[in-house]
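Numbering (the numbering used here), first residue to last: 3 to 126.
In structure tokens:
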């Protein structure tokens, strides 16, 4: 994991969001172990309690599970649950402003698809 910290958002929230992104991107799959709290804390030179707080939120959201003596693992169905909640959040929080801006700029889907930079990798 490579992270550049944003001073306006608590580090534990940024770390949680990074793990969520890794699950959505397929870098972490169902059943995969998360890096240990100690390892993440050492790698990013942050307090282990910060990492624990981020991981605990993921447990509370049932995206990862604790296995005593083994660590934390991505739960079955975590990616699907995240896709559903992130899509709902996008449509509720981000889409209205984005749609309004597109309208102000006179852009439609056809124009966007024609003029947008090509991506190097298509995702389902």
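We put the beta carbon where it would ideally sit given N, CA and C, even for glycine.
For residue i, count neighbouring Cβ atoms within 10 angstroms of its own Cβ and tell me buried if that reaches 16, exposed if not.
| i | result |
| --- | --- |
| residue 74 | buried |
| residue 80 | buried |
| residue 109 | exposed |
| residue 60 | buried |
| residue 118 | exposed |
| residue 102 | exposed |
| residue 25 | buried |
| residue 107 | exposed |
Judging by CA-CA distance, which residue of the options is the nearest neighbour of residue i?
| i | options | result |
| --- | --- | --- |
| residue 52 | 110, 30, 105, 12 | 12 |
| residue 18 | 65, 45, 10 | 65 |
| residue 68 | 44, 37, 84, 93 | 37 |
| residue 22 | 47, 56, 44, 112 | 56 |
| residue 20 | 70, 84, 98, 49 | 84 |
By Cβ distance, which residues of its chain are closer than 6 Å to residue i, with the 5 residues on each side in sequence left out?
| i | result |
| --- | --- |
| residue 42 | 53 |
Go through its chain and collect everything with a Cβ distance to residue i's Cβ below 8 Å, but skip five positions before and after it.
| i | result |
| --- | --- |
| residue 72 | 35 |
| residue 114 | 104 |
For residue i, which residues in the same chain have their Cβ closer than 7 Å to its Cβ, ignoring the five residues on either side in sequence?
| i | result |
| --- | --- |
| residue 50 | 39, 40, 43 |
| residue 48 | 13 |
Note to self: To test your reading of the DSSP string, which unbroken beta strand (DSSP E) runs of 3 or more residues are found completely within the segment 22 to 83?
What the structure shows: 66 to 69, 73 to 76
Next item on the list: Taking 8 Å as the threshold, find out whether the segment 17 to 35 comes into contact with the segment 74 to 90 through three or more Cβ pairs.
Entry: yes
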